[in-house]
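**Student:** The structure under discussion is supplied below as structure tokens; questions concerning it will follow.
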Amino acid sequence: MEYLFISPFFVLFAIFGAYPLGWALILSFSQWRGFGPMQWVGLDNYRAMLKDIYIAKALLNTLIFTAILVPTGVLLALFFAVVLNIKDLRARGVFRTIYFLPYITSTVIVAIVFQQFLDDTYGWLNGFLRLLGLSPVPWLRGEGWAKLSIVMLAHWQGVGYNTLIMLGGLQGIEPEVYEAAKMDGASSWQTFWRITLPLMRPIMLFVSILGTIGVLNMFAQPYMLTKGGPGTDTLTLTLRLYNLGFGQTRYGDAAAFGFLISFLVIAVSFLQLRFLRSWRQ
Amino acid sequence: MPTSALKPARGRTTGSLHYRLRSLLVRTLVYALLVLFAIIFLFPFYTMFVGSFMRNEQLFTFTPNIWPKDGFQLQNYRDLFAELPFGRNVLNSLILATGQTVGVLFFCSLAGFTFAKRRFPGRDALFLLMLSTMMLPYQSTLIPWFLLMVKLHWLNTFLPLWIPWFAPAFGIFLMRQFIAASVPDDLVEAAVMDGASLFGIYWRVILPVSTPALTVLGILNFMNAYNDFLYSLLVLSKTHMYTAPLALALFRGSQITAPRYTLMFAGSVLATLPLLVVFFLFQRRLMEGIMSGAIKG
Chain Y
1 MEYLFISPFF
11 VLFAIFGAYP
21 LGWALILSFS
31 QWRGFGPMQW
41 VGLDNYRAML
51 KDIYIAKALL
61 NTLIFTAILV
71 PTGVLLALFF
81 AVVLNIKDLR
91 ARGVFRTIYF
101 LPYITSTVIV
111 AIVFQQFLDD
121 TYGWLNGFLR
131 LLGLSPVPWL
141 RGEGWAKLSI
151 VMLAHWQGVG
161 YNTLIMLGGL
171 QGIEPEVYEA
181 AKMDGASSWQ
191 TFWRITLPLM
201 RPIMLFVSIL
211 GTIGVLNMFA
221 QPYMLTKGGP
231 GTDTLTLTLR
241 LYNLGFGQTR
251 YGDAAAFGFL
261 ISFLVIAVSF
271 LQLRFLRSWR
281 Q
Chain H
282 MPTSALKPAR
292 GRTTGSLHYR
302 LRSLLVRTLV
312 YALLVLFAII
322 FLFPFYTMFV
332 GSFMRNEQLF
342 TFTPNIWPKD
352 GFQLQNYRDL
362 FAELPFGRNV
372 LNSLILATGQ
382 TVGVLFFCSL
392 AGFTFAKRRF
402 PGRDALFLLM
412 LSTMMLPYQS
422 TLIPWFLLMV
432 KLHWLNTFLP
442 LWIPWFAPAF
452 GIFLMRQFIA
462 ASVPDDLVEA
472 AVMDGASLFG
482 IYWRVILPVS
492 TPALTVLGIL
502 NFMNAYNDFL
512 YSLLVLSKTH
522 MYTAPLALAL
532 FRGSQITAPR
542 YTLMFAGSVL
552 ATLPLLVVFF
562 LFQRRLMEGI
572 MSGAIKG
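So the sequence lines, in the order shown, correspond to chains Y and H.
Mind the numbering: the first sequence is residues 1 to 281 in this note's numbering, read in order.
Mind the numbering: the second sequence is residues 282 to 578 in this note's numbering, read in order.
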């Protein structure tokens, strides 16, 4: 009976996880466009991948996004969490809810609103810049700026969720620790640097692992907001995978590329977990 | 900003004018900052709402959607329904999310209970095996997964968005952790003594006491499924089967056509409303669940 109760996971994984995985492995050594016989090409797909400049660019972009989004995301969330954890803050719950609201909204919808918000001529943001006497910025069409727009969108949507996780961490710190610090005459800043921050390390690392995986999987944001442009400025790994597989139906190449992304995701999460373990001690 | 910044100080500075002024200043700054960010987080919702009642020309002015000058016109909503079966699209999103969530709640709690409260050979190994599959990123199987759906003739049905997702390792893990920690063994043993079947124990003893975890898992899953984009994009290609996000993406424009914001805004309002209702119904439970570390176990 026990085996029956836990079987759904294993059955579903075998059919929709393991079987496609084996298929992907075979595909990655083949050339196939969805019809006709598959042609075995050995390591050709993997070799071609190393020379594909789009993939190189997507990899570089994804790394840049990770390097920007993850640290700033952790710091922003920590900041909001500490402020929203102040005991006698009025309307604490209201602020928490407002900050969390973007997270429940569909990325497609968020991207639609941002697209208009960031419009070159008629967008709110450029209107605001003009008001301040600054020159408008090509938010979606300028190289570099488009990346910044994706970063803003991702933060706007995700920071509330991370803040809640951080808040949970803050509330897990024993009040006695703070009282002891106060008895010793520690100032607020000292308490923050010496107690809160070190005790929050595991949570901060957890949030950064979640964030990294999120960035490595990023698809809907650039697909909707910039279509990967201008040029290849916001092309991400998963967007490239989608274009290869479903835009150009190069199934073999896409399968090989899928493995590259998977390897990357696994390697990065593994590294971060090791880092977490050594940091905890 | 340290947590004690706003608390009245005890000790040497108590009551001094200098301290009170400083505290007042800090307090004002904190509130100003919080309100500023609240505006930043709410403003896009506002522009979306107001923009959905405007004509396109109004949107393209130098002070766009701050207020609809011609009043709240419903023309965009009419146009939207004329061009798309948008009611059906929103309904599709709801069907997709509800169907998937019901399955997830059932299979995850059933397996979670079994892993938490039963002993059987290979239990721990199987649990570890299950957890290790969480490391597998979806990108590696995206292409063959899609080809499998073609083979099964599941395109343009909800089956590809329901069945493969019914027993996620993460959900089973979450339910196991909750049941192991908060359902006493005595409760299960007493039911066994009474001669209840294993499924009877699950149904009558475990399920009722697991509502907090079920709520968090259910809402998170519902939200993710309702907003799903990539997998729906792969398997749904008929307009009447489109979910709301897919339908809205149709208006985003291409190299040659401009995006049609007013229609997208109207659709966005309609697509967001059901989720907002669900969110506010369960908001407290959900937010407390995330804070209590439910999602990280």
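Beta carbons are placed, not taken as given, at the ideal position from N, Cα and C, and that holds for glycine.
The structure presented is a predicted model; accordingly, all values stated were derived computationally and were not measured.
Would you verify that the beta carbon of Ser-573 (chain H) is, or is not, closer than 9 Å to some beta carbon of chain Y?
**Tutor:** True, the Cβ-Cβ gap to chain Y drops below 9 Å.
**Student:** Three or more C-beta pairs closer than 8 Å, one from the stretch 218-226 of chain Y and one from the stretch 234-251 of chain Y: is that the case here?
**Tutor:** Contact holds: three or more Cβ-Cβ distances are below 8 Å.
**Student:** Let me make sure I understand the geometry here. Which of H:Met-522, H:Ile-320, H:Leu-375 has the alpha-carbon closest to that of Val-558 (chain H)?
**Tutor:** Comparing Cα-Cα distances from Val-558 (chain H) to each of H:Met-522, H:Ile-320, H:Leu-375, the minimum goes to H:Leu-375.
**Student:** Please name the residue, chosen from H:His-299, H:Cys-389, H:Ser-333, H:Ile-321, that lies closest to Phe-5 (chain Y) on a Cα-to-Cα basis.
**Tutor:** Comparing Cα-Cα distances from Phe-5 (chain Y) to each of H:His-299, H:Cys-389, H:Ser-333, H:Ile-321, the minimum goes to H:Cys-389.
**Student:** DSSP three-state label for Trp-40 (chain Y), please.
**Tutor:** Strand.
**Student:** Thinking C-beta only, is Leu-556 (chain H) closer than 9 Å to Ser-106 (chain Y)?
**Tutor:** Their beta carbons are under 9 Å apart, which means Ser-106 (chain Y) touches Leu-556 (chain H) by this criterion.
**Student:** Taking 9 Å as the threshold (beta carbon to beta carbon), is Ala-154 (chain Y) in contact with chain H?
**Tutor:** Cβ-Cβ to chain H under 9 Å: no for Ala-154 (chain Y).
**Student:** Counting pairs of Cβ atoms below 8 Å between the stretch 534-542 of chain H and the stretch 502-519 of chain H, do you hit three or more?
**Tutor:** Contact between the stretch 534-542 of chain H and the stretch 502-519 of chain H is absent, because fewer than three Cβ pairs lie under 8 Å.
**Student:** In or out: Arg-541 (chain H) buried (at least 16 other Cβ within 10 Å) or exposed?
**Tutor:** With 16 or more other Cβ atoms within 10 Å, it is buried.
**Student:** By the 10 Å Cβ neighbour count, where 16 or more other Cβ atoms means buried, how is Met-306 (chain Y) classified, buried or exposed?
**Tutor:** Residue 306 (chain Y) is absent from the model: chain Y starts at 1 and stops at 281.
**Student:** Going along the chain, which residues of the stretch 134-145 of chain Y sit with their C-beta nearer than 8 Å to a C-beta in chain H?
**Tutor:** So nothing in the stretch comes that close.
**Student:** Which whole-angstrom value is the C-beta distance of Ser-28 (chain Y) and Phe-263 (chain Y), which I expect to be below 8 Å?
**Tutor:** About 12 Å separates the two Cβ atoms, so there is no contact after all.
**Student:** Helix, strand or coil: how does DSSP classify Ser-30 (chain Y) here?
**Tutor:** Here Ser-30 (chain Y) sits in strand by DSSP.
**Student:** Phe-80 (chain Y) and Leu-89 (chain Y): beta carbons closer than 9 Å?
**Tutor:** Result no, Cβ atoms of Phe-80 (chain Y) and Leu-89 (chain Y) do not sit closer than 9 Å.
**Student:** Pull up the CB-CB distance for Phe-117 (chain Y) and Thr-328 (chain H), whole angstroms please, since I reckon it's below 8 Å.
**Tutor:** Indeed, because the Cβ distance is near 7 Å, the residues count as touching under 8 Å.
**Student:** Val-316 (chain H) lies in the alpha helix (DSSP H); which residues open and close that run?
**Tutor:** It spans 298-332 - the alpha helix (DSSP H) in which Val-316 (chain H) sits, taken as one unbroken run.
**Student:** May I ask you to report which of helix, strand or coil DSSP gives Phe-447 (chain H)?
**Tutor:** It is coil, neither helix nor strand.
**Student:** Does Thr-238 (chain Y) pass the burial test, meaning 16 or more other C-beta atoms within 10 Å, or should it be called exposed?
**Tutor:** Thr-238 (chain Y) comes out buried.
**Student:** For the pair the stretch 100-115 of chain Y and the stretch 143-154 of chain Y, tell me if three or more CB-CB distances fall below 8 Å.
**Tutor:** Output reads yes: the stretch 143-154 of chain Y touches the stretch 100-115 of chain Y.
**Student:** Please identify, using Cβ separations under 7 Å, the residues of the stretch 198-232 of chain Y that lie next to chain H, in order along the chain.
**Tutor:** Cβ contacts with chain H come from Phe-206, Phe-219, Ala-220, Met-224.
**Student:** Reducing DSSP to helix, strand and coil, say where Phe-13 (chain Y) ends up.
**Tutor:** Helix at Phe-13 (chain Y).
**Student:** Using the three-state DSSP reduction, which class does Trp-139 (chain Y) fall into: helix, strand or coil?
**Tutor:** Residue state, collapsed to three classes: coil.
**Student:** Beta carbon of Val-177 (chain Y), beta carbon of Ile-195 (chain Y): below 9 Å?
**Tutor:** Taking 9 Å as the Cβ cut-off, Val-177 (chain Y) and Ile-195 (chain Y) qualify as a contacting pair.
**Student:** Any C-beta of chain Y sitting closer than 9 Å to the C-beta of Ser-421 (chain H)?
**Tutor:** Taking Cβ atoms only, chain Y reaches closer than 9 Å to Ser-421 (chain H), which makes this a yes.
**Student:** Using only the alpha-carbon positions, how far apart do Gln-13 (chain Y) and Ala-450 (chain H) sit?
**Tutor:** Looking at the sequence itself, residue 13 (chain Y) is Phe, so the reference to Gln does not match. If I take the Cα positions, the gap works out to 9 Å.
**Student:** Please look up how many angstroms separate the CB atoms of Ile-571 (chain H) and Leu-78 (chain Y), rounded, as I've assumed it's under 8 Å.
**Tutor:** Incorrect: roughly 16 Å between the Cβ atoms, too far for contact.
**Student:** Closer than 7 Å by C-beta to Gly-380 (chain H): which residues in its own chain qualify, once you throw out the five before and the five after it? Chain order, please.
**Tutor:** So the list reads Phe-439, Trp-443, once near-sequence residues are dropped.
**Student:** What does the alpha-carbon distance come out to for the pair Gln-157 (chain Y) and Arg-47 (chain Y)?
**Tutor:** Roughly 38 Å between the two C-alpha positions.
**Student:** Who are the Cβ neighbours of Val-385 (chain H) in its own chain at under 8 Å, not counting the five residues just before and after it?
**Tutor:** Excluding positions up to five away in sequence, the list reads Trp-446, Phe-447, Ala-448, Pro-449, Gly-452, Leu-498, Gly-499, Asn-502.
**Student:** Are any of the Cβ atoms in chain H nearer than 9 Å to that of Trp-23 (chain Y)?
**Tutor:** Output row for Trp-23 (chain Y): interface = yes.
**Student:** If you draw a straight line from the C-alpha of Phe-427 (chain H) to the C-alpha of Val-215 (chain Y), how long is it?
**Tutor:** Phe-427 (chain H) and Val-215 (chain Y): Cα-Cα distance of roughly 23 Å.
**Student:** Determine, for Tyr-358 (chain H), whether the minimum Cβ-Cβ distance to residues of chain C falls below 9 Å.
**Tutor:** Protein chains Y and H are contained in the structure displayed, whereas chain C is not.
**Student:** Check the Cβ of Ala-450 (chain H) against every Cβ in chain Y and list those closer than 7 Å, keeping chain order.
**Tutor:** Per Cβ cutoff of 7 Å: Phe-9.
**Student:** Quick check on Phe-416 (chain H): does DSSP put it in helix, strand or coil?
**Tutor:** It is worth fixing the name first, because residue 416 (chain H) is Met in this sequence and not Phe. Helix, per DSSP.
**Student:** Give the secondary structure of Asp-509 (chain H) by DSSP, where H, G and I count as helix, E and B as strand, and everything else as coil.
**Tutor:** Note: Asp-509 (chain H) maps to coil in three-state DSSP.
**Student:** What does the alpha-carbon distance come out to for the pair Val-316 (chain H) and Thr-72 (chain Y)?
**Tutor:** Using only the alpha carbons, I get a separation of about 21 Å.
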